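Visitor:
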Amino acid sequence: MNSMLKNFFFIKLLRKSARILGYKIDFLPLTLIDTIESKIEYVTRLSRRAQNIPGAVVECGLGNGVSFAILAKDAYVASKDLYGFDSFEGFPEPVKEDDSHYEIKKGGWGNAEQKAVEQKVKDVVSAEYFEKHVKITPGFFSDTLPKTETGPISFLHLDGDLYQSYMDCYENLYEKVVPGGIILIDEYLNGTEYAKYPGGFKAAAVFFADKEVDICRDMKSGKYYIVKR
Ligand SMILES: C[S@@+](CC[C@H](N)C(=O)[O-])C[C@H]1O[C@@H](n2cnc3c(N)ncnc32)[C@H](O)[C@@H]1O
């Protein structure tokens, strides 16, 4: 049995045992999101749904470049432009919407390095493609997104963890996503007080309140995404 399935059955067993003992732990998501294998699977599968739609592939929140390198493989095959954004100095100051059981601090994820992310991408694409089509912009989203001309976007991966980080992305990039394009929202999990980063859910609730969108759940990974109308 592979580790994705093992995770799934482990969480099911844990929930069942807790229920027998009189506890309710449904906040434990039935997802496989904790492994690199599962990330490769769902990021690839969802981004491929937008593979034949013209437009750039964009990720906000690069960290160590794991998901960005996954996206790079298919963007390369399709010769699409690939844009990545990260402060490379970690989180900005969290706001009250980010309050959670987990301690979130300014500078969290501050160890991520642009050079390491670039190398991960270079490992999976040609030098020519990298030179011509890949643009990684360091800085906070609030500064960099309004200044970067990405053109139309076919796939947008949002993984900035915090409320204002998500809002900055929605405010600057939502309009650029083409019909049929996909927005994968990393932090939307359950939207309850149990979520480690509740700001992602709250930002989506505020931003999409007056928009006609269906936020869909990918049943296999438990991740949430939008197909732009
Ligand atoms: C969870 S990590 C990304 C992980 C990566 N997508 C992956 O799956 O491998 C979140 C990243 O978002 C970045 N980040 C969060 N808010 C930001 C903001 N407002 N501006 C720029 N970068 C931000 C952090 O610096 C951090 O590197």
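Here our numbering is used: the first residue of the sequence shown is 1, the next is one more, and so on.
We treat Cβ as the ideally placed atom computed from N, Cα and C, and that holds for glycine.
All figures in this text were calculated on a predicted structure; none of them were measured in a lab.
Following a CB-centred definition, is Ala116 positioned closer than 6 Å to any heavy atom of ligand 1?
Guide: Taking the first residue of the sequence shown as position 1, residue 116 is located at position 116. Outside the cutoff, so no.
Visitor: Which of the three DSSP states, helix, strand or coil, is assigned to Arg229?
Guide: The residue given as residue 229 occupies position 229 in the sequence shown. Residue state, collapsed to three classes: coil.
Visitor: Please determine whether the Cβ atom of Val58 lies at a distance below 6 Å from any heavy atom of ligand 1.
Guide: The residue given as residue 58 occupies position 58 in the sequence shown. Val58: no, Cβ never under 6 Å from ligand 1.
Visitor: Any beta-carbon of chain B closer than 7 Å to the one on Gln114?
Guide: The structure shown has no chain B; it contains just one protein chain.
Visitor: Tell me whether the beta-carbon of Phe68 lies closer than 7 Å to the beta-carbon of Gly84.
Guide: Here residue 68 refers to the residue found at position 68 when the sequence shown is read from its first residue. Here residue 84 refers to the residue found at position 84 when the sequence shown is read from its first residue. In this structure, Gly84 lies closer than 7 Å to Phe68 by Cβ.
Visitor: Is the beta carbon of Asp81 sitting closer than 7 Å to the one on His133?
Guide: Counting from 1 along the sequence shown, the entry for residue 81 is found at position 81. Counting from 1 along the sequence shown, the entry for residue 133 is found at position 133. In this structure, His133 lies closer than 7 Å to Asp81 by Cβ.
Visitor: Mind listing, in chain order, the continuous alpha helix (DSSP H) runs of no fewer than 4 residues lying wholly within the segment 94-123?
Guide: Listed in chain order, they are 114-122.
Visitor: Could you give the distance in angstroms between the alpha-carbon of Glu103 and the alpha-carbon of Glu149?
Guide: Mapped onto the sequence shown, residue 103 falls at position 103. Mapped onto the sequence shown, residue 149 falls at position 149. Rounded to whole angstroms, Glu103 to Glu149 spans 34 Å at the Cα level.
Visitor: Is it true that the segment 119-136 meets the segment 173-188, where meeting means three or more beta-carbon pairs spaced less than 8 Å apart?
Guide: The segment 119-136, when compared against the segment 173-188, does not touch it at the 8 Å Cβ threshold.
Visitor: Please say whether Tyr163 and Lys202 have beta carbons closer to each other than 7 Å?
Guide: Here residue 202 refers to the residue found at position 202 of the sequence shown. Here residue 163 refers to the residue found at position 163 of the sequence shown. For Lys202 and Tyr163, yes; Cβs fall inside 7 Å.
Visitor: Taking 6 Å as the cut-off, is the beta-carbon of Val66 closer than that to any non-hydrogen atom of ligand 1?
Guide: Here residue 66 is taken as the residue at index 66 of the sequence shown, counted from 1. For ligand 1, at least one heavy atom lies less than 6 Å from the Cβ of Val66.
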